[in-house]
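Undergrad: Going by UniProt numbering, 52 is the number at position 52 of the sequence shown; the sequence numbering is gapless.
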Amino acid sequence: MALKTLWYLNLADGDYPWIPGGLYPLDFDRYRRLAQTIDAGGFYGALVATWPNDPFVSASFAASYTTRMRFLVAVYARMTPAKLLAQQALTFDAFTGGRLLLNLINGRDNIMETYGVSTSHDDRYALGEAYWRDFRRFYAEGNPTNFPNTPLVLPPTQAGGPALWGAGDSDAGVAHAGAVIDVYLTMLRRLGPIRAKFDAVRAAAQRRGRTFADMGALASAVVRPSRAEAEAHFYDIFRRTGVETIVAKLDAAVVRRTGGRQNLATFVAPNEQRQGWVRALLAGRLPALEDLRLEGSLFAGITAWSPLDIFDAGSSAVYFVGDPDTIAADVARYHDDAGLTALILSGWPLIDEARRVSELLLPRLAEIA
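1) For residue 203 and residue 130, what's the separation of their Cα atoms in angstroms?
2) Helix, strand or coil for residue 277 per DSSP?
3) Looking at the structure shown, is residue 343 part of a helix, part of a strand, or coil, going by DSSP?
4) Going along the chain, which residues of its own chain have a beta-carbon closer than 7 angstroms to the beta-carbon of residue 321, five neighbours each way excluded?
5) State buried or exposed for residue 43, treating a residue as buried only when at least 16 other CB atoms are found within 10 Å of its CB.
6) Do you know how far the Cα of residue 53 is from the Cα of residue 84?
7) Check the DSSP bridge columns for residue 322 and list the partner residues they point to.
8) With a floor of 3 residues, list each beta strand (DSSP E) that falls wholly inside the region 117-196, ordered by position along the chain.
9) Would you mind working out which of 149, 105, 40, 4 sits nearest residue 63, comparing C-alpha positions?
10) Hey, quick one: how far does the alpha helix (DSSP H) through residue 31 stretch, first residue to last?
11) Rounded to a whole number of angstroms, what is the C-alpha to C-alpha distance between residue 345 and residue 143?
12) Figure out for me which residue from 255, 163, 127, 186 has the closest Cα to the Cα of residue 318.
13) Using 8 angstroms as the cut-off, can you tell me whether the region 285-293 makes contact with the region 253-270, which would need three or more C-beta pairs spanning the two stretches below that distance?
14) Less than 7 angstroms separating the Cβ of residue 276 from some heavy atom of the ligand SAM?
15) What are the boundary residues of the beta strand (DSSP E) that residue 70 is part of?
16) Is residue 247 close to chain B? Criterion is C-beta to C-beta, closer than 8 angstroms.
17) Are the CB atoms of residue 181 and residue 166 nearer to each other than 8 angstroms?
18) If you reduce the DSSP assignment to three classes, tell me which class residue 5 lands in.
19) Taking C-alpha atoms, which residue in 86, 49, 50, 97 lies nearest to residue 67?
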């Protein structure tokens, strides 16, 4: 099975979008150019993020400027009636030739409350199973007109409907993935934890008499012709961000995660590597490059949506860093040992790094099968 590699289609962009002055202003022409870069670059598709834009409307806009890429659109179960979501999916597929994928989002409580949803985290997963079953049925039925004088029917474009992608790390999330999801996603980590997570969700699917079409992970990438060049650029992310900003973001993250019971100064990391990062930062120093290496070409980094992962809880701020051969060899290990068949990558600025990944890395990843 050929490896599916996707990129991020996101309005949050910039050289260093997590620091003051590093975030580009909203620019829908740049958004269009990003979609066209992904489309022309040979990516399987793109994850359409919810930040701050509506992903379905954004994907529809971008689809009109592209011809082949697929759009992995984030959707909250039960936020839209299943019948209406099926109508939207049927319409999108009819106009694009079946290029829709759906990314099932359970959501954090604080985010869901802004939409007036008070259902608990685990209950949202439980209720989602029936919702997605209804969605598949409505999509398969097609959508007839309500007006008898114009007997049109919008038929399904994709057999079986759009593939349902999604994550789920809690017990409820794993059970939901096994019952509903076609392509399982998790945040990239060391090979051992990824293998264990994939085995657990495969077992959950088997208990429901199902199998996954693909197993995927989200990460970032810095690829350059040489390893030294890639590592220098990666570490420059830390230099440009600066100790003060990193400490402030991590302190806020610790306070948020512990409900104010701890801050960065009192936080104890789950392992010595991460505690070393904390000690260095509190002493006013950046962690050394080698101290950030997790294994092989895998490094702990910083992204627009995740600070340095001092919690070891799984983070999108994990980077592949290196030359094309080195990164491809590590991806092949995940493929061969854990069954990884899909990657969603990012890098900043999004257009520039998409071009580098397209030119340098995608040809090598295409050899993994």
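We put the beta carbon where it would ideally sit given N, CA and C, even for glycine.
TA: Walking through what the data contain:
1) Start at 1 with the first residue of the sequence shown, and residue 203 comes out as number 203. Start at 1 with the first residue of the sequence shown, and residue 130 comes out as number 130. So the alpha carbons of these two residues sit roughly 21 angstroms apart.
2) Walking along the sequence shown from the start, residue 277 turns up at place 277. DSSP places residue 277 in helix when its eight states are reduced to three.
3) For this step, residue 343 is matched to residue 343 along the sequence shown. Taken through DSSP and simplified to helix, strand or coil, residue 343 comes out as strand.
4) In the sequence shown, residue 321 corresponds to position 321, counting from 1. 222, 230, 231, 234, 297, 299, listed in sequence order.
5) Position 43 of the sequence shown holds residue 43. When all chains shown are included, residue 43 counts as buried.
6) On the sequence shown, position 84 is the one that residue 84 refers to. On the sequence shown, position 53 is the one that residue 53 refers to. Rounded to the nearest angstrom, the gap between the Cα atoms of residue 84 and residue 53 is 19 angstroms.
7) Indexing the sequence shown from 1 puts residue 322 at position 322. Residue pairing by DSSP puts residue 322 in a beta bridge opposite 223.
8) Qualifying beta strand (DSSP E) stretches, in chain order: 164-166, 183-187.
9) Taking the sequence shown and counting its residues from 1, the one referred to as residue 63 is at position 63. For residue 63, the closest of 149, 105, 40, 4 by C-alpha to C-alpha distance is 40.
10) Looking up residue 31 in the sequence shown gives position 31. Residues 28-40.
11) Within the sequence shown, residue 345 is the residue found at index 345, counting from 1. Within the sequence shown, residue 143 is the residue found at index 143, counting from 1. Residue 345 and residue 143 have their alpha carbons spaced roughly 35 angstroms apart.
12) The residue labelled residue 318 in the question sits at position 318 within the sequence shown. Taking only the C-alpha atoms, the option nearest residue 318 is 186.
13) With the cut-off at 8 angstroms, the region 285-293 and the region 253-270 do not touch.
14) Among the ligands in the structure shown, none appear at all, so the ligand SAM cannot be discussed.
15) In the sequence shown, the residue the question calls residue 70 occupies position 70. Following the DSSP letters along the chain, one finds residue 70 inside the beta strand (DSSP E) bounded by residues 70-76.
16) Protein chain content of the structure displayed is limited to a single chain, and chain B is not contained in it.
17) Translated into the one-based positions of the sequence shown, residue 181 becomes position 181. Translated into the one-based positions of the sequence shown, residue 166 becomes position 166. A contact, by the Cβ cut-off of 8 angstroms.
18) The residue you call residue 5 lines up with position 5 of the sequence shown. Of the three classes helix, strand and coil, the one that applies to residue 5 here is strand, per DSSP.
19) The residue labelled residue 67 in the question sits at position 67 within the sequence shown. Ranked by Cα distance from residue 67, the options 86, 49, 50, 97 are led by 97.
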